[in-house]
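Residue numbering for the sequence shown is 103 to 636, as defined by our numbering.
Positions of the beta carbon are idealized from the N, C-alpha and C atoms, including for glycine.
Accompanying notes for the structure given below.
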Amino acid sequence: MTEHREHSHHADSTPTAIVRHCDVAVIGGSAAGLAAALQLGRQRRSVIVVDSGDPRNAPAEHMHSFLGRDGTNPAELLVAGRAEVRSYGGEVLSGQALRVRRDGERFVVELATGDSVAARRIVVATGLGDELPAVDGLAAHWGREVFHCPFCHGYEVRDQRLVHLVTSSVGLHVAPLLRQLTERLTLLVADGVEVDAAELATLTAAGVDVREAATAMRVVAGADGRLVGVELTDGTLIDADAILVGPRFHPRTEAFAELGLRPSPHPTGLGEVIEVDLMGATAVEGVFAAGSVTDPSQQVLSAAAHGSRVGGAVAVSLAAEDTQVAGRPSGSVADWDHRYSNDPIWSGNPNGSLVAEVADLAPGRALDVGAGEGGDAIWLAEQGWKVTASDISSRALARVQAEAERRNLPVTCALADANAREPFARGGFELVSAAYASIPRTPDLRGVHNVLDAVAPGGTLVILSHDMEAMQDPKHQHRPFDPEAYLHIEDFAAVLQATPGWTIAVNEKRPRPAGSASAAHHADDRVLRAVRQG
Numbered sequence: 103m104t105e106h107r108e109h110s111h112h113a114d115s116t117p118t119a120i121v122r123h124c125d126v127a128v129i130g131g132s133a134a135g136l137a138a139a140l141q142l143g144r145q146r147r148s149v150i151v152v153d154s155g156d157p158r159n160a161p162a163e164h165m166h167s168f169l170g171r172d173g174t175n176p177a178e179l180l181v182a183g184r185a186e187v188r189s190y191g192g193e194v195l196s197g198q199a200l201r202v203r204r205d206g207e208r209f210v211v212e213l214a215t216g217d218s219v220a221a222r223r224i225v226v227a228t229g230l231g232d233e234l235p236a237v238d239g240l241a242a243h244w245g246r247e248v249f250h251c252p253f254c255h256g257y258e259v260r261d262q263r264l265v266h267l268v269t270s271s272v273g274l275h276v277a278p279l280l281r282q283l284t285e286r287l288t289l290l291v292a293d294g295v296e297v298d299a300a301e302l303a304t305l306t307a308a309g310v311d312v313r314e315a316a317t318a319m320r321v322v323a324g325a326d327g328r329l330v331g332v333e334l335t336d337g338t339l340i341d342a343d344a345i346l347v348g349p350r351f352h353p354r355t356e357a358f359a360e361l362g363l364r365p366s367p368h369p370t371g372l373g374e375v376i377e378v379d380l381m382g383a384t385a386v387e388g389v390f391a392a393g394s395v396t397d398p399s400q401q402v403l404s405a406a407a408h409g410s411r412v413g414g415a416v417a418v419s420l421a422a423e424d425t426q427v428a429g430r431p432s433g434s435v436a437d438w439d440h441r442y443s444n445d446p447i448w449s450g451n452p453n454g455s456l457v458a459e460v461a462d463l464a465p466g467r468a469l470d471v472g473a474g475e476g477g478d479a480i481w482l483a484e485q486g487w488k489v490t491a492s493d494i495s496s497r498a499l500a501r502v503q504a505e506a507e508r509r510n511l512p513v514t515c516a517l518a519d520a521n522a523r524e525p526f527a528r529g530g531f532e533l534v535s536a537a538y539a540s541i542p543r544t545p546d547l548r549g550v551h552n553v554l555d556a557v558a559p560g561g562t563l564v565i566l567s568h569d570m571e572a573m574q575d576p577k578h579q580h581r582p583f584d585p586e587a588y589l590h591i592e593d594f595a596a597v598l599q600a601t602p603g604w605t606i607a608v609n610e611k612r613p614r615p616a617g618s619a620s621a622a623h624h625a626d627d628r629v630l631r632a633v634r635q636g
């Protein structure tokens, strides 16, 4: 993996727009989007999820009918889902996708930060927005005493005084379900809504209090703020503990208009959806959609299942395309090759923390993992080390090679992925260093083990990283990177502690040495140095 040093070549600290590259950009980070991303990550596809943080079920405190997770707070499910996606190296960015456009064979997702994400495929998982009936006070109780799905929240209001606001001709279809939940059911058919008279008669005969032309004017709350009733336009007050409504729904697809992705009317007439085939493909080639944006009836469980299905379909489409050209392109390689396609990124100076840790070591064979433009590798070679500079970006290594030749230094460049099968010579180096290396996570921490395995008996391991506490500062969170998708220094420390034959000599936070152009942004480094027993 390549470096992420932030030892900038430029003195100007003003953030510049960044273009990330990946295989798939998933727009929307709720159950469907995360499930799609998880499937893709497990197929070794690089995925970036852009999440606006506004899920449809945000007002709800609990979700139901999700086997194994019934009653879970929806936010807890998302936290767990993000962690699972990140465990396979998938990134979840908090932010807004403003516009998605096609650029040759790729799509470009323009973010509100001014940054962008280039991807081979797009998954639309933005969900639906609900438009509640124009009843004063109704929205204040939405997601609690006011709900729209008998399967999601009906059981929680069983045996209570339940009012069903019928505001459309298709609204009656859930009334028999509600009657099963409570015998205290009042049906309010709003004035002007055409419904089947025979259905109303059947409900009345079954004990339902049916009131026609009974338009709700406002929701009445008690002193404690809880719902107590519904007031009609004629002044009548209907006692109620809970209300079921059928909102109109609208897909959140404004960002995709330029692609020609257009919503279609839903058969109920209550809103619009994105039409997809059985595998989630839309009418726009390369664009897929998953979750409630395709079907308003989906609960969280079915939305997650649909996202998983669509993620698999996207993986199949990418694999077929790559097989046609006999290639195995990597989204991570494309990402870093793009970043190294313009002016130099880093200062070219060695990391001061690395210098401090290895200055007293006798030179031998050294491996620089994620060498980037080679500041550390070049310095080590100048100190007499026989250096191998490793990176996934051939463009980065070309810069290392050019600088080594300019200085007449014997640096070997090796194109390698730290998460590949045996990317480095096992036990081949007296020094293995990784300074701010961006190594995507895997559940088995393969990258950690590969790096440790490269250290020779008696050799030294040095890992440098940003202080993660500082990385959580809001002034850094707008950048289009997800540090939780990459290995942390704690991952290395945990494996070292669990592996016989290692001694951790240093594991600390310390001030970043002077001279770093990014010291104003990241004042502290995390430094880990360990020695392998001879």
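Only counting the same chain, and skipping five residues up and downstream in sequence, which positions put a Cβ closer than 8 angstroms to that of THR601? By one-based count along the sequence shown, residue 601 stands at place 499. Once the five neighbours on either side are set aside, the close Cβ partners of THR601 are LEU554.
From this set, SER449, ASN510, GLY239, ARG501, which residue's C-alpha is nearest GLY327's C-alpha? Within the sequence shown, the letter at position 225 stands for residue 327. Nearest C-alpha to GLY327: GLY239.
Would you mind stating whether GLY373 and GLY229 have Cβ atoms separated by less than 9 angstroms? One-based indexing of the sequence shown puts residue 373 at position 271. One-based indexing of the sequence shown puts residue 229 at position 127. No; because the gap between Cβ atoms is not below 9 angstroms, this pair is not in contact.
I want to see whether chain C comes within less than 9 angstroms of SER535, judged by CB atoms only; does it? Considering every chain present, this structure includes no chain C. It has just one protein chain.
Does the pairing of the region 138–149 with the region 416–426 give three or more beta-carbon distances under 8 angstroms? yes
Integer Cβ distance of SER495 from TRP438, believed to fall under 8 angstroms: The residue you call residue 495 lines up with position 393 of the sequence shown. The residue you call residue 438 lines up with position 336 of the sequence shown. At roughly 4 angstroms, the Cβ-Cβ gap stays under 8 angstroms, so SER495 and TRP438 are in contact.
Collapsed DSSP secondary structure at CYS254 in the structure displayed: For this step, residue 254 is matched to residue 152 along the sequence shown. In the structure shown, CYS254 sits in a helix (DSSP, three-state: H, G or I).
Start-end ranges of the beta strand (DSSP E) lying completely within the region 392–473, minimum 3 residues: 467–471
Touch check for the region 119–138 and the region 588–598: three-plus C-beta pairs under 8 angstroms? When Cβ pairs closer than 8 angstroms are counted between the two stretches, the region 119–138 is seen not to touch the region 588–598, the count staying below three.
Looking at THR284 and ASP298, is the spacing between their C-beta atoms short of 9 angstroms? Numbered from its first residue, the sequence shown carries residue 298 at position 196. Numbered from its first residue, the sequence shown carries residue 284 at position 182. Taking 9 angstroms as the Cβ cut-off, ASP298 and THR284 do not qualify as a contacting pair.
Less than 8 angstroms between C-beta atoms, sequence neighbours within five positions excluded: which residues of the same chain meet that for ARG188? The residue labelled residue 188 in the question sits at position 86 within the sequence shown. Counting only Cβ-Cβ distances below 8 angstroms, and skipping sequence neighbours, we find VAL194, ARG543, ASP584, GLU586, ALA587.
Skipping 5 residues on each side, what residues in its chain have a beta carbon closer than 6 angstroms to that of VAL429? Walking along the sequence shown from the start, residue 429 turns up at place 327. Note on residue identity: the sequence assigns Gly, not Val, to residue 429. Same-chain partners within the cutoff: there are none.
Closest Cα partner of ALA539 within the set LYS488, ALA504, GLY476: On the sequence shown, position 437 is the one that residue 539 refers to. It is GLY476.
When we look at the beta-carbon of THR269 and count the other beta-carbons within 10 Å, is it buried (16 or more) or exposed? As a working mapping, residue 269 is identified with position 167 in the sequence shown. THR269 comes out buried.
Sequence-distant residues of its chain with Cβ nearer than 8 angstroms to LEU547 (five each side left out): As a first step, residue 547 must be located in the sequence shown, where it is residue number 445. So the list reads LEU589, ASP593, VAL597, once near-sequence residues are dropped.
Under three-state DSSP, which class holds ASP555? The residue you call residue 555 lines up with position 453 of the sequence shown. In the structure shown, ASP555 falls within a helical segment according to DSSP collapsed to helix, strand and coil.
Other residues of its chain near LYS611: CB distance less than 6 angstroms, five sequence neighbours each side excluded: Looking up residue 611 in the sequence shown gives position 509. So the qualifying residues of the chain are ASP569, ASP626, ARG628.
Considering only the beta carbon of each residue, do LEU200 and GLU186 sit closer than 9 angstroms? Walking along the sequence shown from the start, residue 200 turns up at place 98. Walking along the sequence shown from the start, residue 186 turns up at place 84. Not closer than 9 angstroms, so no.
Exposed unless 16 or more other CB atoms sit within 10 angstroms - verdict on GLY486: As a working mapping, residue 486 is identified with position 384 in the sequence shown. Per the 10 Å Cβ criterion, exposed.
Can you tell me where the beta strand (DSSP E) with GLU233 in it begins and where it stops? The count along the sequence shown starts at 1 and reaches residue 233 at position 131. Segment 230–233, the beta strand (DSSP E) holding GLU233.
With a threshold of 8 angstroms, establish whether the CB of VAL427 neighbours any heavy atom of the ligand COA. As for the ligand COA, it is missing from this structure, which has no ligand bound.
With 16 other Cβ atoms within 10 Å as the buried cut-off, status of VAL427: For the purposes of this step, residue 427 is taken as residue 325 along the sequence shown, with counting starting at 1. Looking at its Cβ environment, which holds fewer than 16 other Cβ atoms inside 10 Å, VAL427 is exposed.
THR396 and VAL272 - do their beta-carbons sit closer together than 9 angstroms? One-based indexing of the sequence shown puts residue 272 at position 170. One-based indexing of the sequence shown puts residue 396 at position 294. Cβ distance not < 9 angstroms, so VAL272 and THR396 don't count as in contact.
What are the boundary residues of the beta strand (DSSP E) that VAL531 is part of? Here residue 531 refers to the residue found at position 429 when the sequence shown is read from its first residue. Residue 531 is actually Phe in this sequence, not Val. Segment 531–537, the beta strand (DSSP E) holding PHE531.
Unbroken stretches of the alpha helix (DSSP H), 4 residues or longer, contained in the region 351–381: none
Between the Cα of GLU571 and the Cα atoms of ALA558, ILE591, THR338, which residue gives the shortest distance? Locating residue 571 in the sequence shown gives position 469, counting from the first residue. It is ILE591 whose Cα lies nearest to the Cα of GLU571.
Element boundaries [alpha helix (DSSP H), containing ALA139]: Within the sequence shown, residue 139 is the residue found at index 37, counting from 1. Start and end: 133–144.
Over what stretch of residues does the alpha helix (DSSP H) that includes TRP244 continue unbroken? Position 142 of the sequence shown, counted from the start, is the residue given in the question as residue 244. No alpha helix (DSSP H) holds TRP244; DSSP gives it neither H nor E.
Same chain, Cβ closer than 8 angstroms to GLY636, neighbours up to 5 away in sequence not counted: Taking the sequence shown and counting its residues from 1, one reaches residue 636 at position 534. So the qualifying residues of the chain are PRO559, GLY560.
Quick check: the Cα distance between LEU180 and ARG246, rounded to an integer number of angstroms? Position 78 of the sequence shown, counting from 1, holds the residue named residue 180. Position 144 of the sequence shown, counting from 1, holds the residue named residue 246. Cα to Cα, LEU180 sits roughly 20 angstroms from ARG246.
Distance check for THR335 and ALA300, CA to CA, integer angstroms please. Along the sequence shown, read from residue 1 onward, the residue named residue 300 stands at position 198. Along the sequence shown, read from residue 1 onward, the residue named residue 335 stands at position 233. When rounded, the distance between both Cα atoms is 26 angstroms.
Going by alpha carbons, who is nearest to ARG508 out of ASN552, ILE480, ALA522? Within the sequence shown, numbered from 1, the residue matching residue 508 stands at position 406. When only C-alpha atoms are compared, the closest one is ILE480.
Which of helix, strand or coil DSSP assigns to PRO545: Translated into the one-based positions of the sequence shown, residue 545 becomes position 443. In the structure shown, PRO545 sits in coil (DSSP, three-state: anything other than H, G, I, E or B).
Under 8 angstroms Cβ to Cβ from PRO545, same chain only, skipping five residues before and after it: list those, please. Within the sequence shown, the letter at position 443 stands for residue 545. Closer than 8 angstroms at the Cβ level, and outside the excluded window around PRO545, lie SER189, TYR190.
Which value, in whole angstroms, describes the spacing of the CA atoms of GLY183 and HIS164? As a position in the sequence shown, residue 183 is number 81, starting the count at 1. As a position in the sequence shown, residue 164 is number 62, starting the count at 1. Rounded to the nearest angstrom, the two C-alpha atoms are 16 angstroms apart.
Stretch pair the region 157–171 + the region 455–471: three plus CB contacts closer than 8 angstroms: no
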